[in-house]
Amino acid sequence: MSVLRGAISSNASAVEEDVSHRRWLTAGLTLGIFVAALETTVVTAAMPRVVASLGGLSHYSWVFSAFLIAMTVSLPLWGKLADLYGRRPFYLLGLGVFLLGSALAGQARSMGQLIAFRGLQGVGAGAVQPLGLTIASDIYPLPERARKQALFSGVWGIATLIGPVLGGVVVEYLSWRWVFYLSLPFGLGAAFLVGRHLPEESKTWERDRSGAFDLFGAFAFASTAIWLLWLVNEGRMSLPLLGGGLLSMAGLLWAEHSARDPVLPLRFFRDPVLRAALGGGFLTNLALFGATAFISLLLQAVLGADPVRAGSALVPLFAAWVIFSIFASRMLLRVGFRAVILLGAALLALGLMGLSQRQVPLSDIRLFVLLTLVGAGMGLCNVSHLLLVQHRVSFSERGRVTALLFLLRTLGGAIGTSLLGETMRWRIRVRAAPHLERLLIQDPDFLLHPSQPGITPEALLAARHIMGAALQEAFWIAAFAALAAFLLSFALPCTESPAHPSHSLWLKDPSHQHSLGEESS
């Protein structure tokens with residue numbers, strides 16, 4: 002009997018220690034996601050001071066594009082390496098690269114250096130968030146995993162929301178360089194917690210390393226992604242870009258079809274459930290980020306709102322995103338993936354269709370309701386898509402499928418922003434008189450400063466009407482993308498059960514994981 006009591010006591014102590022490790026590890030992953038998300042938006046407030054200090058206004062957009070392109074190119078590579086050699090070393094390496102880029106960006110002496118160091122930041126950021134979410138899926142069973150992913154989604158939303166405000170304060174009272182140094186203490190804290198509390202996976206699970214790393218596929222993917230993002234960033238078509246892009250894409254398809262263990266497994270797209278979830282992630286992010294990129298312009302340039310009101314208008318969107326991410330984690334366990342994703346896509350489409358209606362005045366209450374619908378829809382969809390793709394594949398493929406989802410989300414956001422911008426400019430050319438067209442296309446800032454000399458009240462009123470009509474018609478692109486995501490979600494089965502058993506990094510016997518996960522909650 003004493004032996005039995007000792008065994009029970011020993012097992013309870015081991016479970017308690019595992020739960021403690023998980024909590025500290027979750028705190029570290031949360032810090033990592035917070036700092037990566039913060040760095041994507043905090044820089045926006047610093048850029049006017051950066052240009053004043055370093056010059057190079059003509060390269061302004063490349064400070065953002067370098068980060069986006071580098072992150073996008075590196076996403077599947079980090080996922081593949083983490084699946085092949087383990088999450089821990091490549092999460093820590095990626096976080097280290099991100100922090101090195103941040104420190105160097107704060108020391109930049111020219112715009113060229115800043116762009117290069119922002120690219121280095123982007124390479125690291127390509128590991129931090131997707132691998133962090135992959136680690137969370139490894140250490141928690143599905144019920145607890147849903148709650149944790151909702152937590153991470155909420156942290157991402159809060160960091161995105163406070164980034165511009167925090168950046169403005171830092172620039173005002175310290176220096177623009179501290180915008181980049183800001184990430185260092187958070188990142189070092191994340192590295193310490195993850196390094197200390199994430200076990201060595203090599204001791205708990207085996208990988209198939211018999212195949213060579215898919216170097217040609219990695220190169221073909223990188224060139225294809227750079228071409229696509231460059232094309233989106235330029236907003237125009239050219240034969241050299243088109244030819245190079247088609248060659249890169251053909252090389253990518255050939256390489257990934259013939260590789261034994263490809264960087265970007267095409268078999269993911271042969272699974273109808275994964276195809277619907279990955280496509281839904283692309284379409285919903287195309288809709289969201291395409292629309293949100295122009296909401297502030299609509300409020301300031303068309304409705305005459307000041308920057309404070311325009312910035313605060315997005316608060317209900319991000320607040321609803323956080324709240325409904327938490328609801329999604331609870332609803333998924335009761336009604337399944339399909340119902341939650343359908344509801345989210347429907348709410349997103351309704352909100353965006355409301356923004357596109359020119360016949361109804363856009364009052365404060367109406368704007369609040371519409372943006373709340375958009376945020377609620379994204380909160381439901383984003384968490385559900387992530388959990389579904391991770392739930393669908395085996396443990397050894399989670400890194401790649403998570404990175405692929407983030408890749409498609411990033412591409413969706415970039416393409417959506419470009420599509421809405423081009424639609425807006427096209428509608429302005431169709432609707433505006435020549436003198437207003439030149440002003441609206443070449444110098445839309447005059448709408449933000451209506452007291453400029455030479456602008457009559459009649460011309461200002463006409464310009465605002467044309468800009469508002471063009472923007473709201475452009476919002477239809479986002480609404481159609483959300484509707485397409487809604488229709489695509491019908492391809493999901495009404496009930497989705499695990500195709501593979503769950504695994505835990507702390508337990509060699511996966512059959513015990515569920516009880517341990519319940520203990521941790």
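Under our numbering, the first residue of the sequence shown carries the number 2, and numbering increases by one thereafter. Don't be surprised by glycine CBs; every beta carbon is placed ideally from N, CA and C.
Of the listed residues the options, nearest to residue i (C-alpha basis)
i    : options                   : result
A191 : L30, V323 and W63         : L30
A121 : L69, G169 and L318        : With the sequence shown as reference, residue 121 is identified as Leu, and Ala is not the correct amino acid for it. Nearest of L69, G169 and L318 to L121, Cα basis: L69.
L315 : I136, W177, G125 and L298 : L298
Y92  : I342, T73 and I34         : I34
P165 : L344, T41 and L101        : T41
T293 : A277, L318 and A329       : L318
R178 : L194, A320 and V51        : V51
S103 : L185, G155 and L39        : L185
R94  : F153, S176, L39 and F193  : Inspection of the sequence shows that residue 94 is occupied by Leu rather than by Arg. Of the listed residues, the one whose Cα sits closest to L94 is F193.
F338 : A415, S75, Y174 and A277  : A277
A321 : G291, N383, Q301 and K149 : N383
L101 : W228, Y86, R88 and V124   : V124
A251 : S224, L105 and P241       : S224
R89  : V195, V74, T27 and V156   : V195
Q391 : G188, P241, L275 and L368 : L275
Inter-residue spacing [alpha-carbon to alpha-carbon] between residue i and residue j
i    : j    : result
S419 : R410 : 14 Å
L484 : A346 : 7 Å
L472 : V375 : 17 Å
R119 : V336 : 42 Å
T183 : F220 : Note that residue 183 is Leu in the sequence shown here, rather than Thr. Rounded to whole angstroms, L183 to F220 spans 33 Å at the Cα level.
M72  : F65  : 11 Å
F269 : F396 : 14 Å
I327 : R110 : 43 Å
W231 : G244 : 13 Å
L493 : L279 : 11 Å
I416 : G158 : 21 Å
L162 : T135 : 24 Å
G413 : G291 : 9 Å
A486 : G281 : 5 Å
H198 : A151 : 21 Å
I296 : L39  : 20 Å
L248 : S75  : 20 Å
W507 : S138 : Confidence in W507 is poor, its pLDDT being 40 and thus under 50, which makes the residue's placement unreliable; the coordinate value appears in the next sentence. Whole-angstrom Cα-Cα distance: 13 Å.
F491 : K149 : 26 Å
Residue i - DSSP class collapsed to helix/strand/coil
i    : result
V195 : helix
V394 : coil
A278 : helix
G252 : helix
F447 : Per-residue confidence for F447 stands at a pLDDT of 49, beneath the threshold of 50, marking its modelled position as unreliable; the derived number appears in the next sentence. Three-state DSSP puts F447 in a helix.
A1   : There is no way to answer for residue 1, as the model of the chain reaches only from 2 to 522.
Y141 : coil
P77  : helix
C382 : helix
W427 : helix
P165 : helix
G417 : helix
S21  : helix
Q108 : coil
S184 : helix
P494 : coil
Q358 : coil
S176 : coil
D84  : helix
D272 : coil
G525 : Nothing about residue 525 can be reported from this structure: the residues present for the chain run from 2 to 522 only.
P90  : helix
S66  : helix
S330 : helix
A38  : helix
S103 : helix
S364 : coil
Cβ-based neighbour list, residue i, same chain, cut-off 7 Å, excluding 5 preceding and 5 following
i    : result
P77  : F222, V264, L265, R401, A404, L405 and L408
L333 : A147, V341, S385 and L388
V180 : V43, V44, A47, G168, V171 and V172
W427 : none
A377 : A321, F325 and L348
F476 : A292, L353, L356 and S357
A226 : T73 and V74
Cβ-based neighbour list, residue i, same chain, cut-off 6 Å, excluding 5 preceding and 5 following
i    : result
I478 : L420, L421 and T424
A482 : L284, L287 and A288
C495 : R339
E474 : R428
Any C-beta of chain D under 7 Å from that of residue i
i    : result
G380 : Among the chains of the structure shown, chain D does not appear; only one protein chain is present.
heavy atom of the ligand GTP below 6 Å from residue i C-beta
i    : result
L408 : No copy of the ligand GTP occurs in the structure displayed, which carries no ligand at all.
Cβ contact check for the stretch 126-144 and the stretch 340-359: 3 or more pairs under 8 Å: Judged by pairs of C-beta atoms under 8 Å, the stretch 126-144 does not touch the stretch 340-359, as fewer than three such pairs exist.
Any 3 or more C-beta pairs closer than 8 Å across the stretch 109-119 and the stretch 82-89: Put simply, the stretch 109-119 does not touch the stretch 82-89. Fewer than three CB pairs are less than 8 Å apart.
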